[in-house]
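Residue numbers (numbering that gives the first Met the number 0): 0 to 291. For reference, the structure is listed below as structure tokens.
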Amino acid sequence: MSSHKGWVLVLGSSSGFGAACSRALAKAGYNIFGVHLDRAAGLQRVSELVAELQATGAQVRFWNKNVARDEVRLEVIAGIAETLTGKPVDFGGLALSDENNRDAALTILSKALEDHKGAIKAMLHSVAFGSLQPFVSDNLKEQTSRKQMEMTLDVMANSMVYWVQDLARTRLVDRGSKVFSMTSAGSRRAWGGYGPVSAAKAALEAHTRQLARELGPRGILVNCFEAGVTDTPALRLIPGSDVIKEEALRRNPGERLTTPEDIAATFVALMDPRVRWISGTTVRVDGGEDTL
Ligand SMILES: NC(=O)c1ccc[n+]([C@@H]2O[C@H](COP(=O)([O-])OP(=O)(O)OC[C@H]3O[C@@H](n4cnc5c(N)ncnc54)[C@H](O)[C@@H]3O)[C@@H](O)[C@H]2O)c1
0 MSSHKGWVLV LGSSSGFGAA CSRALAKAGY NIFGVHLDRA AGLQRVSELV
50 AELQATGAQV RFWNKNVARD EVRLEVIAGI AETLTGKPVD FGGLALSDEN
100 NRDAALTILS KALEDHKGAI KAMLHSVAFG SLQPFVSDNL KEQTSRKQME
150 MTLDVMANSM VYWVQDLART RLVDRGSKVF SMTSAGSRRA WGGYGPVSAA
200 KAALEAHTRQ LARELGPRGI LVNCFEAGVT DTPALRLIPG SDVIKEEALR
250 RNPGERLTTP EDIAATFVAL MDPRVRWISG TTVRVDGGED TL
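The structure is reproduced here in structure tokens:
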């Protein structure tokens, strides 16, 4: 049975917050498009997640692709168009990987989607893929390189803007749609090895504000969730994450860590159509962890 509430697009759908939000939104009656990047060893777990989402009655389509690549956005939007219209998009042999073809490709996609304005009720950018090296080391191999810095900012911050640009151009996000990104207290703290991600979080918050300003006249809301420290695979990769967890546990007035389900429940609550005047802000979901 298909849902009547429309579709949510989750970038980073296979783990942590993205997976929990997909579960909660599927249960709340949304269909889920998801993009994730997993190696072969993780794909069984992803298939199980997709089956779990489908068992709620939701329609689900996942792509195992890198969200930071320009042609991936076009391919995924073409896949979304195919799902919504029941017809594959005919690009007439246009090479999607050629930057010079982007405008023409987006025009074809916009035409294919003209009867599906606002079909994406929400997009969540929840992608964890960054360098966790110090800025300064006498060993060049251990120190953040230009490539690592740029990759981290591109994947964890800038890619959110490029997705919103293409979804807005094709009107898949339109009046009433809501866009969310995932930030952390690390946007304004200096944790060991977190420098590139910290910079990406500060940029992501700036991007969120800017998009809220530019998309406000179109009735699209754009906000960040700031999750408290949450035990996910991404957190475990941060050097000294045990200390970060202990410290968060000690400080959190709720006397526990944040869970992905805390964010998911907030996301579902904010999908209420009555919530239409929160934009350009950071919604802290951390049990008060950042007050102390
Ligand atoms: N865990 C925390 O304590 C915490 C706190 C605040 C904010 N965040 C932020 O939340 C977001 C999600 O983190 P998480 O803890 O759920 O991590 P996670 O590792 O559990 O999940 C990350 C997801 O991103 C996907 N992904 C990574 N690189 C990708 C790429 N290039 N293309 C497509 N998909 C890609 C993975 O496949 C996975 O689905 C990140 O932005 C993270 O910085 C985490």
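The beta carbon of each residue, even a glycine, is placed where N, CA and C say it ideally should be.
One or two residues paired with residue i in a DSSP bridge
i, result
"GLY56", "Its beta-bridge partners do not exist; DSSP assigns none."
"LYS177", "ALA121 and LEU220"
"GLU225", "THR182 and ARG283"
"TRP62", "VAL34"
Presumed contact (8 Å Cβ cut-off) between residue i and residue j, rounded CB distance
i, j, result
"GLY192", "PRO238", "4 Å"
"LEU334", "PHE179", "Within the shown structure, residues of the chain are numbered from 0 to 291, placing residue 334 beyond reach of any answer."
"VAL34", "VAL66", "5 Å"
"VAL228", "LEU256", "6 Å"
Straight-line Cα distance separating residue j from residue i
i, j, result
"THR231", "SER14", "8 Å"
"SER12", "SER46", "12 Å"
"GLY21", "GLY56", "One point to set straight first is that residue 21 is Ser, not Gly, in the sequence displayed. Rounded to whole angstroms, SER21 to GLY56 spans 13 Å at the Cα level."
"LEU108", "VAL88", "7 Å"
"GLY279", "GLU149", "25 Å"
"ASN251", "ASP97", "49 Å"
"VAL160", "GLU288", "29 Å"
"ALA226", "GLY92", "43 Å"
"PHE224", "GLU204", "10 Å"
"LYS116", "GLU81", "14 Å"
"ALA127", "ALA18", "13 Å"
"ILE295", "TRP162", "There is no way to answer for residue 295, as the model of the chain reaches only from 0 to 291."
"ILE219", "SER136", "44 Å"
"HIS206", "ASN157", "8 Å"
"GLU74", "ARG101", "11 Å"
"MET270", "ALA264", "10 Å"
N- and C-terminal bounds of the alpha helix (DSSP H) containing residue i
i, result
"TRP162", "158-168"
"GLU70", "69-84"
"LEU8", "Per DSSP, LEU8 belongs to no alpha helix (DSSP H); it is in the beta strand (DSSP E), 6-10."
"PHE266", "259-269"
"VAL88", "It is not in any alpha helix (DSSP H) - VAL88 carries neither H nor E in the DSSP assignment."
"LEU248", "240-250"
"GLN147", "145-152"
"LEU139", "Looking at the DSSP string, LEU139 is not in any alpha helix (DSSP H), and its letter there is neither H nor E."
"HIS206", "194-214"
"THR106", "101-111"
"LEU24", "15-26"
"PRO232", "232-236"
Residue range of the beta strand (DSSP E) that includes residue i
i, result
"VAL274", "Element bounds for VAL274: n/a, residue is neither H nor E."
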